[in-house]
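Contents: one structure, followed by commentary.
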Amino acid sequence: MEVYERGFFSISESGHQIEEEMDVRKGQWTEEEDSMLKAYVTLHGEGHWNSVARFSGLRRTGKSCRLRWLNYLRPAVRRGNITLEEQLLIIQLHSIWGNRWSKIAEHLPGRTDNEIKNYWRTKVQKQAKKLECDVNSRKFRDALRYEYIPRLIEQISRAKHESPSGQLTYGNETESVQVDRSLLPESSSETQVTYGSTVAETWGIDEQSNGNGWLGGGDYWMESEWCEENIWFLQQQLYDDEDTVI
DNA sequence: AAGGTTTCCAACCGCATTCCT
DNA sequence: GAGGAATGCGGTTGGAAACCT
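Quick note on UniProt numbering: the first sequence kicks off at 1 and runs consecutively.
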């Protein structure tokens, strides 16, 4: 169903402000709108979104055009599931920056802040809820950092060795993700996790195994790792730590 | 098969920040 | 420097798809 709302387009033209009232379309973008936006931006470049909205023939607001381009149409945008390495990065970077999604997204080539935010809410927060603790609580963070992630890495390594070729399936990725050492928290003597290197290095994964350092593309989604066994394990850990972790 | 519920993600909204005149 | 427009960011929501009963 098409949804229109009466709204104003406001643009600067030759130093003058022009405002025009017209119907503004809302809701899902159609293929036709996508092609119009793509064609316009390809020709004129990014930016000046209100002008894009006005002159491309799209009955959308500048904001809407910008969002659609950045989150969906931009050639650099990676589609598909968040890879394991990306998941690890997100968890790690979130522990440093919190909900600063755009900042986190800067370190995940082709991923948008919106995608990362959605991932966090639908996957990570959901698990925190299952564990009956707040996603931002020290408990949950420590559980992830000291127990869950190393355990995850162990499982990956095992899977790696169990695969017939001795290698993980990486898919067709060509980009690699690295974590800036300065962005990482201090390493802890209490954990086997050592921060301050590439993610692969950090968790003992052989970066050379696929020739490009990318761990993604395979079937190693976090979803599959949040199995009952892991939930149980984390719950036990949380209860065990009840007195020691504030 | 049908209806209800849950999940997921694209897109909207409002506020903050940056840019421009 | 001030004011207004444009852009960016993070929280929230609506609805389609998937799943369950």
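We put the beta carbon where it would ideally sit given N, CA and C, even for glycine.
Every value quoted in this text rests on a predicted model; they were computed, and no experiment measured them.
Mark residue i as exposed unless 16 or more other C-beta atoms lie within 10 angstroms of its C-beta, in which case mark it buried.
i, result
"K139", "buried"
"Q127", "buried"
"L144", "buried"
"Q28", "exposed"
"T83", "buried"
"E31", "exposed"
"D142", "buried"
"T42", "exposed"
"H44", "exposed"
"P164", "Reliability fails at P164, whose pLDDT of 49 lies under 50, so the model's placement of it is uncertain and no value is given."
"R111", "buried"
"E115", "buried"
"E147", "buried"
Can you tell me where the alpha helix (DSSP H) with residue i in it begins and where it stops?
i, result
"I116", "113-119"
"R138", "138-142"
"K126", "125-130"
"R66", "62-68"
"residue 252", "Not covered by the structure: residue 252. The range shown for the chain is 1 to 246."
Of all the options the options, which has the alpha carbon lying nearest to the alpha carbon of residue i?
i, options, result
"Q87", "H48, K123, C133", "K123"
"E33", "T61, S137, Y119", "T61"
"Q92", "R25, D23, I149, K26", "I149"
"G47", "C65, A76, C133, W120", "C65"
"K117", "W101, K130, R111", "W101"
For the structure I just gave you, are there three or more beta carbon pairs, one from the segment 70-81 and one from the segment 51-58, closer than 8 Å? Verdict: no, contact absent.
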